[in-house]
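For the sequence shown, position 74 (counting from the first letter as 1) is numbered 74 according to full-length UniProt numbering, and the numbering increases by one without interruption. C-beta: ideal position from N, C-alpha, C; glycine also. Okay, so here's the structure we're looking at.
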Amino acid sequence: MNNKKLKPGWRRVKFGDVVRLSKAKSKDPLSDGIERYVGLEHLDPGDLRIRSWGRVADGVTFTSVFQPGQVLFGKRRAYQRKVAVADFSGVCSGDIYVFETKDAQVLLPDLLPFICQSDAFFDHAVGTSAGSLSPRTNWTSLANYVFLLPPPEEQENIALLLASADEYIYQIQSTRSSLGNLERSAIQSILGNERDWQMTTMKSIVKRIEAGKSPKASSLPAESNEYGVLKVSAVGSQGYCSDENKALIDSDDFVVDATVQPGDFLVTRANAQSQGVARTCIVENTPSNLMLSDKTWRLNFEGDAPPKRFVLAWTKLPKFRSYIEALCSGTEAKNISQAKFLAGPMVVLSEKQQFDVDQLLCQTDLTRKVLEERERVSATMKRALLKKSLGEN
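Here it is as structure tokens:
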């Protein structure tokens with residue numbers, strides 16, 4: 001970067017010269033009127049919006065205060081690329097840095113989150129992280145990150161352009177989410193009145209449950225030439241995410257029979273929160289170097305079982321979820337046994353319902369694939385736009 005000729009008005013600056021690390025604290029957030037807290041688990045990779053949070057009243061030890069407009073950056077396992085802009089006040093984990101611009105006339109606040117999202121900034125954060133199990137970067141190292149700062153008028157244009165790209169991606173994600181809700185509503189309509197349902201159990205459609213193993217692994221995701229084991233977060237609220245894995249310390253620990261494959265129907269048996277227990281997904285695409293963990297199951301269905309997509313939708317409907325969450329109530333660890341999962345409710349489809357479900361899922365699957373491809377292309381374009389706009393090599 002130092003040898004690169006600068007555009008007129010652009011200059012090289014250190015991150016710490018234009019960005020301040022907020023050190024605001026609250027010893028008693030509840031008494032101070034703070035209602036929400038944010039942990040790393042509430043930040044989604046690549047998403048600048050905070051879509052979930054915890055309630056301070058439920059008990060929390062976090063003391064770092066953030067305000068609307070400030071940028072939250074996950075310093076632990078920075079490779080996860082967790083950055084968000086707060087739109088409410090709260091307290092956050094000590095593994096989250098709170099950034100703000102020192103002078104809005106020098107660095108536009110709206111541009112800061114995109115600088116933190118850039119490949120170069122993440123590469124610097126990962127490269128300066130220390131620790132084997134939970135590598136963390138530090139403020140001193142981040143403050144020394146050097147980048148190209150555009151003049152104020154260009155900063156505004158760049159921020160608007162990148163915000164528009166983000167908004168377009170958000171709209172696609174929102175449409176995908178609405179499609180899932182529409183699909184479940186349509187299935188509920190096909191099923192009709194619950195009083196008329198003929199019920200059985202999951203055991204009637206599941207031939208076998210395969211559980212993985214959890215060998216020793218690093219905190220970093222596996223490279224293409226390494227083997228990895230899925231984290232429970234790989235089965236996410238939005239579906240399967242292959243990036244949520246850990247590289248095996250010893251490649252000999254890789255269990256070939258537990259290899260994750262396209263078409264697999266996965267279920268989580270444990271999670272920190274009850275809504276994450278028995279979470280399901282269907283693997284669309286995945287690299288061939290990943291294996292199931294002991295907290296993730298693969299279901300093998302009977303030959304006469306309903307379509308996987310229907311089973312997926314069923315496991316997200318209130319009838320099934322209420323059964324699971326009732327088992328996970330209380331203060332004990334949030335998990336479920338295979339026996340209890342197989343004892344869960346399953347509706348029996350009539351011949352007409354089976355036909356209607358097949359027609360519905362055929363239509364929604366086509367729409368879903370179009371949206372997924374559009375989101376993938378848009379995210380790739382945004383990343384390229386971000387790199388070019390900030391003058392990265």
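- The beta carbon of D294 is closer than 7 Å to those of A211, G212, K213, S214 in its chain, skipping five residues each way along the sequence.
- Taken through DSSP and simplified to helix, strand or coil, A57 comes out as helix.
- Its Cα nearest to that of F62, the residue E35 stands out among E35, K14, G46, L48.
- Scanning D103, F114, G16, R309 for the CA closest to the CA of T140 turns up G16.
- Here V255 is exposed, its C-beta having fewer than 16 other C-beta atoms within 10 Å.
- With at least 16 other beta carbons inside 10 angstroms of its own, L107 counts as buried.
- For S31, the secondary structure class from DSSP, reduced to helix, strand or coil, is coil.
- The DSSP-derived three-state label of G39 is coil.
- The continuous beta strand (DSSP E) containing E210 extends over residues 206 to 211.
- In this model, R376 and K369 are separated by some 11 Å (Cα to Cα).
- Of the residues assessed, I249 falls on the exposed side of the cut-off, its CB having fewer than 16 other CB atoms within 10 angstroms.
- Between the segment 110 to 121 and the segment 52 to 66 there are fewer than three inter-stretch CB-CB distances shorter than 8 Å, so the stretches are not counted as touching.
- Cβ contact annotation for E284 (same chain, cutoff 8 Å, sequence separation greater than five): G239, Y240, P262, E372, in chain order.
- Shown here, L299 sits in a strand according to DSSP, grouped into three states.
- By the 16-neighbour rule on beta-carbons within 10 angstroms, T201 is exposed.
- Residue environment: D32 is assigned as exposed (fewer than 16 neighbouring CB atoms within 10 Å of its CB, all protein chains considered).
- Apart from the 5 residues on each side of it in sequence, R184 sits with its Cβ closer than 7 Å to the Cβ of A313, K316, L317 in its chain, given in chain order.
- About 12 Å separates the beta carbons of T280 and F301, which is beyond the 8 Å limit, so they are not a contact pair.
- Between W10 and L149, the gap from beta carbon to beta carbon is short of 8 Å.
- Taking V60 as the centre and dropping the five residues before and after it, the same chain places the C-beta of Y37 closer than 6 Å to its C-beta, in chain order.
- Here DSSP, grouped into helix, strand and coil, assigns Y97 to strand.
- A distance of 8 Å or more separates the beta carbons of V260 and L299.
- Within the model, the alpha-carbon separation for I169 versus T380 is close to 11 Å.
- Close CB contacts of D47 within its chain, under the 6 Å cut and outside five residues either way in sequence, are absent.
- Burial is judged here by how many other beta carbons sit within 10 angstroms of a residue's own beta carbon; W197 has fewer than 16 and is exposed.
- Secondary structure at G180: helix, using DSSP grouped into helix, strand and coil.
- In terms of Cβ geometry, V98 and S64 form a close pair [threshold 8 Å].
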